[in-house]
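What follows is a single structure, written as structure tokens, with notes after it.
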Amino acid sequence: MNDTKNVIRPIKLKPGGHIRVIAPVRSLKLLSESSKQEAINRLERAGFKISFAKNVNEMDEFNSSSVESRIEDLHEAFSDKKVDAIFTVIGGYNSNQLLKYLDYNLIAKNPKIICGFSDVTALNNAITAKTGMITYIGPHFSSWGMKYGFEYSEEFFKKCCMEEKSFDLTPAEEWSDDLWFLDQEKRDFIKNEGYWKINQGYAFGRVVGGHVRCLNILQGTQYWPGLDDSILILEEDSETNAALFDRQLQSLIHQSDFFGVKGVLIGRFQKESKITSELLKKIISTKKELKNIPVVANVDFGHTTPIITLPVGGSCEISADENNVKIRIIEH
Amino acid sequence: MSEVPRSNEEEGKIISHRNIYGKEKFPPELAVERVENLVDDFKGYYAYFGYAEEPSVPMSSGLDETVRFIGSHISVFKPYLTENRVPNPGVFMRQNCIRTRNADKLLDDEFFPNWGSYFPSIGALSAPGRLREVCNEAFVFFELRLGIPRSSLMARIKSSDQDFLEACKAREGLILEVDSKKSEYYKHKIGIEGINGRSFNIALRNPEGNDFSDVGNIIILEDAEKQLGIETALGATTILKQLYGLDHVQDCTPVIGLQGIEDEAIRRKFEDAVITSSVLYSEGLRPFGQHNRNRLLKQYVRSMSYFRAKTGMNLESLRQVVSGFEDSGASGSPERNAELIVEYVGAFERELMVKKHLTEDEKKIKKALKSLT
């Protein structure tokens, strides 16, 4: 049985708040100067003060930096009383290198918003597991550098990280899977067909998850966030495909506490994954463990844009019937 | 002994129509102040005698693995006993507590809760061999700090506990009631193998003058060989109930907006659910998961649906009730979770309406909710 920690809700970010940018995965140096400046400008326009961690530009052969440097920056960000929230630069592959070296007591005593997605899934779910603090699967610092099509992301970041009230998710009108950072002026937006209702049903539970393979690497470790009474959020990137997604999902189902999953939200797949609604329905239909719980896909999170912000360790309600899908973020 | 500092209570305002303690029921808006004054009196009094203050811990901290919630300050004092290091004269503390004896009977319409699940407890742990001093300190607290005449104080003792008898007999005029209860009444287990407690209870005369009710006890904690410490345990709300002639201990943590409920049992259980949910949410506990603490909280949260249905209350009114309780300061926390708690109540109700396999309690709540709509 997983002993879920009591919830620690970080103080909401306020206009004028101070955001510290850290690079627990890949380096800030990876970003083009224009993308970085665009992100700073957008965040400053939104009224925030920005500062960068000491080692944020360090870059090794893995486009990342030493564990020591990343730990130092993360601890400094949590302990600095002048910092209100922490944004990760970008994803990658190695935030799980940090888990053993994090001072979870320091984090629990200085709760603040930490937001990012993709590989940051491992970091955030581990922090939630070890401290009970709500962490946020949402835009990286780099995401804020998007010139066009970011309004929806910003709107839902604010609802989740700046406001107290529970809120309903609404699908974005359009989405994109382009490499926006290569050419900000030439964007390719696609009309959103809305949620894919794979299974109907009702569920209310604690939000857990993020990038599937990054969640997988926590299985069997002390950093596993637990699935009791959970709403599992799952997303993948272009490296996945239907067979790989199936395999990783099956691995989650083999978790001894999977019976605690009450509903599943799946983020929009990138085109390259070639996972269609039909293929996903097929995959889900083969899992008897998912038969009686709501499963909704094509939700606006993952590696397409724009994205919502989801609270790991918070709570969420899914109601999917014949006519409607309603997703409500209750605690965040 | 030098002069004992006086109580926070104003003196010289006794009016003849008041109860035997010269007091009358206080209005809900004064409840928090009354509780805090009593706690401060207690703390100031024991500090004056050289006791050191022990910080309180969250009720759902899991600090004491033998209990689901901290239900007594003894949970915090245990390391002093197990490590045989109770200081002289001792330590004292205020500890907010939860005892969930009502949880399984919240939906039982016949059940009336004489106790609330949540209460602030005040207590001290003193060094072994100080029984006479410990008894004196406790009784002087009642007599001088709270202004209770010795003739309204009773010690309920087992005749075989000669040490207690001698200590209490030394206080001339103190009423002794010997062997009036079953022997279990005088025994305590504290969840540490090999350590047992034997006690006598302190009772106060009922405010109308008849009979007595327990408000605390003094417990000698000992193993097979030696005394390890002496605990003084007092119920802040039970003392106030007696002193002010309150209808119920929960009037010390009033929930505004529920006083009008005609069915007293529903009202008190509804209050209990609001209070307990509110104080546990403020500690970050949530009604998710398999752990007993989380499951117990879920019972309180879900029972609010039953009570709101039985009393014809909509969710917005429930939010105002929970919010009013939080605003009163009785939860002891600056946290404001009323909106969140009611979101959870609403979500559980929606789940109930579509859930296929219901427990008996869930069927009962669903039936009540359906009658509301």
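Protein chains in written order, with this note's numbering: chain P, 1 to 332; chain X, 1001 to 1373. Quick reminder that beta carbons are idealized off the backbone N, C-alpha and C, glycines included.
In this structure, does DSSP put residue i in helix, strand or coil?
i	result
W144 (chain P)	helix
P1028 (chain X)	helix
T1359 (chain X)	coil
R1336 (chain X)	coil
G1245 (chain X)	coil
R1099 (chain X)	coil
N1019 (chain X)	coil
G1324 (chain X)	helix
A387 (chain P)	An answer regarding residue 387 (chain P) cannot be provided, because it is not within the stretch 1 to 332 covered by chain P.
R1198 (chain X)	strand
S299 (chain P)	First, the amino acid is wrong: residue 299 (chain P) is Val here, not Ser. In the structure shown, V299 (chain P) sits in a strand (DSSP, three-state: E or B).
V89 (chain P)	coil
R328 (chain P)	strand
L1063 (chain X)	coil
Y1344 (chain X)	helix
M1001 (chain X)	Only weak support exists for where M1001 (chain X) lies, its pLDDT of 42 falling under 50; the coordinates are left without a value.
R1094 (chain X)	strand
P1113 (chain X)	coil
K191 (chain P)	strand
M1353 (chain X)	helix
L335 (chain P)	Residue 335 (chain P) lies beyond the range of chain P shown here (1 to 332); nothing can be said about it.
A1368 (chain X)	helix
S1331 (chain X)	coil
R1205 (chain X)	strand
K1013 (chain X)	Since pLDDT at K1013 (chain X) reaches only 49, below the 50 mark, its modelled position is unreliable, and no value is offered.
P1079 (chain X)	helix
T1276 (chain X)	helix
E322 (chain P)	coil
I308 (chain P)	coil
S95 (chain P)	helix
S65 (chain P)	coil
S1072 (chain X)	coil
E1271 (chain X)	helix
S315 (chain P)	strand
Q1283 (chain X)	The residue you asked about is not Gln; residue 1283 (chain X) is Glu in the sequence shown. Here E1283 (chain X) sits in coil by DSSP.
E1054 (chain X)	coil
Kindly give me the distance between the Cβ atoms of residue i and residue j, rounded to whole angstroms, as I take these residues to be in contact under 8 Å.
i	j	result
G1194 (chain X)	L1081 (chain X)	Their Cβ separation, rounded to whole angstroms, is 11 Å, which puts G1194 (chain X) and L1081 (chain X) out of contact at 8 Å.
L1240 (chain X)	L1246 (chain X)	7 Å
I307 (chain P)	V295 (chain P)	19 Å between Cβ atoms; not a contact.
R1150 (chain X)	E1143 (chain X)	6 Å
N57 (chain P)	L28 (chain P)	5 Å
I1365 (chain X)	R1302 (chain X)	6 Å
E1335 (chain X)	S1282 (chain X)	4 Å
Quiz item: What residue ranges within the stretch 197-250 of chain P form continuous beta strand (DSSP E) runs of no fewer than 3 residues, ordered along the chain?
Solution: 201-211 and 230-235
Practice problem: Give, in chain order, every unbroken run of the beta strand (DSSP E) that is at least 3 residues long and sits entirely within the stretch 1120-1195 of chain X. | Solution: 1153-1157, 1175-1178 and 1187-1189
Exercise. Give, in chain order, every unbroken run of the beta strand (DSSP E) that is at least 3 residues long and sits entirely within the stretch 248-292 of chain P.
Key: 261-268
Quiz item: Three or more beta-carbon pairs under 8 Å between the stretch 205-212 of chain P and the stretch 178-197 of chain P, yes or no?
Solution: no
Quiz item: Relative to chain P, which residues along the stretch 1265-1294 of chain X have a C-beta separation below 8 Å, given in chain order?
Solution: E1283, G1284, L1285, R1286, F1288, G1289, Q1290, H1291 and N1294
Quiz item: Going along the stretch 188-220 of chain P in order, which residues come within less than 7 Å of chain X, judged by CB to CB distance?
Solution: Y202, F204, G205 and R206
Self-check item: Ordered list of alpha helix (DSSP H) runs contained in the stretch 102-180 of chain P, each at least 4 residues
Solution: 104-109, 120-131 and 151-161
Quiz item: Is the number of C-beta pairs between the stretch 305-318 of chain P and the stretch 135-150 of chain P that are closer than 8 Å three or more?
Solution: yes
Quiz item: What are the residues of the stretch 1304-1334 of chain X that lie near chain P, defined by any Cβ-Cβ distance shorter than 8 Å?
Solution: none
Quiz item: For the stretch 4-18 of chain P, which residues have a CB atom closer than 7 Å to at least one CB atom of chain X, in sequence order?
Solution: T4, N6, V7 and I8
Quiz item: Would you call the stretch 1245-1260 of chain X and the stretch 1017-1031 of chain X in contact, with 3 or more CB pairs under 8 Å?
Solution: yes
Quiz item: At what residue ranges does the stretch 3-60 of chain P contain a whole run of the alpha helix (DSSP H), taking only runs of 4 or more?
Solution: 33-45
Quiz item: Okay, do the stretch 1197-1204 of chain X and the stretch 1148-1156 of chain X touch, 3+ Cβ pairs below 8 Å being the bar?
Solution: yes
Quiz item: Got a sec: which bits of the stretch 262-273 of chain P sit with their beta carbon under 8 Å from any beta carbon on chain X, in order along the chain?
Solution: none
Practice problem: Any chance you could list the beta strand (DSSP E) runs of at least 3 consecutive residues sitting entirely within the stretch 1211-1266 of chain X, in chain order? | Solution: 1212-1222 and 1227-1235
Practice problem: May I ask you to verify whether the stretch 1088-1097 of chain X touches the stretch 1047-1060 of chain X, counting CB pairs closer than 8 Å and requiring at least 3? | Solution: yes
Quiz item: If we count Cβ pairs, one from each stretch, closer than 8 Å, do we get three or more for the stretch 227-239 of chain P versus the stretch 263-278 of chain P?
Solution: yes
Practice problem: Taking only beta carbons into account, state which residues of the stretch 1045-1066 of chain X come closer than 9 Å to chain P, listed in chain order. | Solution: P1058, S1060, S1061 and G1062
Self-check item: Positions along the stretch 222-234 of chain P whose CB lies within less than 9 Å of some CB in chain X
Solution: G226, D228, D229 and S230
Quiz item: Hey, is the stretch 173-185 of chain P in contact with the stretch 299-306 of chain P, meaning 3+ C-beta pairs nearer than 8 Å?
Solution: yes
Quiz item: With a cut-off of 8 Å, do at least 3 Cβ pairs link the stretch 92-107 of chain P to the stretch 153-170 of chain P?
Solution: no
Practice problem: Output, in sequence order along the chain, the residues in the stretch 1332-1352 of chain X whose CB is closer than 8 Å to any CB in chain P. | Solution: E1339, L1340, E1343, Y1344, A1347, F1348, R1350 and E1351
Quiz item: Contact between the stretch 1122-1140 of chain X and the stretch 1323-1330 of chain X: three or more CB pairs below 8 Å?
Solution: no
Quiz item: Going along the stretch 1234-1252 of chain X in order, which residues come within less than 9 Å of chain P, judged by CB to CB distance?
Solution: none
Quiz item: Is there contact here, the stretch 1258-1267 of chain X with the stretch 221-230 of chain P, by at least three beta-carbon pairs under 8 Å?
Solution: no
Quiz item: Using a Cβ cut-off of 9 Å, which residues of the stretch 1353-1372 of chain X contact any Cβ in chain P, in chain order?
Solution: M1353, V1354, K1355 and K1356
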